[in-house]
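Peer 1: Sharing a structure with you now.
In the numbering used here, the protein residues as written are 3 to 164.
Have a look at this one:
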């Protein structure tokens, strides 16, 4: 399976602002490897705070737009399997997940927007497919956002934004 090195994982709120250190998932000093897997339906990142960071970003956006605490608490659901759901009306407050792929001087930022990592679910909710995983994997949301060309003759990967 092709693999990439990721040096930074960041969350951008709905206005495109980079979340500060408290709300950011993680800023790396060292890179980690992620597999590029067409058979995986999610993006798995090896950081326990991924879902919490997304939840904080969502709730912060809702507060900034005047939603009350009761509505904010009802907006987010986590099922027993660790799959997160958010009410469709609050979808617009979900963050962009930005990864920086290492490539020496050719470091590449990629952005995975909610439209790439969310799917409409029953009952007026969207389920999203970015979560914590021990093995870093870029699955379906990555391939919705980018077309990938792997050249096995010189071991290079080209990314084209969809």
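We put the CB at the ideal spot given by N, CA and C, even for glycine. Quick caveat: nothing in here was measured; it's all calculated off a predicted structure.
(1) Select from 157, 7, 125 and 143 the residue whose C-alpha is nearest the C-alpha of residue 99.
(2) Here's a check: name, in chain order, each residue in its chain whose Cβ is nearer than 6 Å to the Cβ of residue 31, leaving out the five neighbours to either side.
(3) Is residue 9 closer than 9 Å to residue 104 when the C-beta atoms are compared?
(4) Measure the alpha-carbon distance for residue 86 versus residue 108 and round it to whole angstroms.
(5) Return the CA-CA distance between residue 81 and residue 130, expressed in angstroms with no decimal places.
(6) What residue range is occupied by the uninterrupted alpha helix (DSSP H) comprising residue 145?
(7) Quick one: using the 10 Å Cβ neighbour count with 16 as the cut-off for buried, is residue 3 buried or exposed?
(8) Comparing alpha-carbon positions, which option in 120, 112 and 111 lies nearest residue 92?
(9) Mind reading off the beta-carbon distance from residue 133 to residue 84? Whole number of angstroms is fine, and I expect it under 8 Å.
(10) Just checking my contact of residue 39 with residue 135 at CB under 8 Å: how many whole Å lie between their CB atoms?
(11) Under 9 Å between the Cβ atoms of residue 90 and residue 127?
(12) How long is the line joining the alpha carbons of residue 73 and residue 19, rounded to whole angstroms?
(13) Since residue 52 contacts residue 138 with CB under 8 Å, what's their CB separation in whole angstroms?
(14) Can you tell me whether residue 12 is buried or exposed? The criterion is at least 16 other CB atoms within 10 Å of its CB, across all chains shown.
Peer 2: For this structure:
(1) Check the Cα spacing between residue 99 and each of 157, 7, 125 and 143: the tightest is with 143.
(2) Model confidence at residue 31 stands at a pLDDT of 44, short of 50, so the residue's coordinates are unreliable; what they give is reported in the following sentence. Excluding sequence neighbours, residue 31 sits near nothing in its chain.
(3) A contact, by the Cβ cut-off of 9 Å.
(4) Distance between the alpha carbons of residue 86 and residue 108 is about 34 Å.
(5) Whole-angstrom Cα-Cα distance: 12 Å.
(6) Counted as a single uninterrupted DSSP element, the alpha helix (DSSP H) harbouring residue 145 occupies residues 142 to 147.
(7) The residue in question, residue 3, is exposed, as its Cβ has fewer than 16 Cβ neighbours within 10 Å.
(8) Nearest C-alpha to residue 92 among 120, 112 and 111: 120.
(9) Yes, they are in contact, since the Cβ atoms of residue 133 and residue 84 sit about 6 Å apart, within 8 Å.
(10) 11 Å between Cβ atoms; not a contact.
(11) Yes, these two residues count as a Cβ contact at 9 Å.
(12) Going from the Cα of residue 73 to the Cα of residue 19 covers about 23 Å.
(13) Going by Cβ atoms, the distance from residue 52 to residue 138 rounds to 11 Å, so no, they are not a contact pair.
(14) Residue 12 comes out buried.
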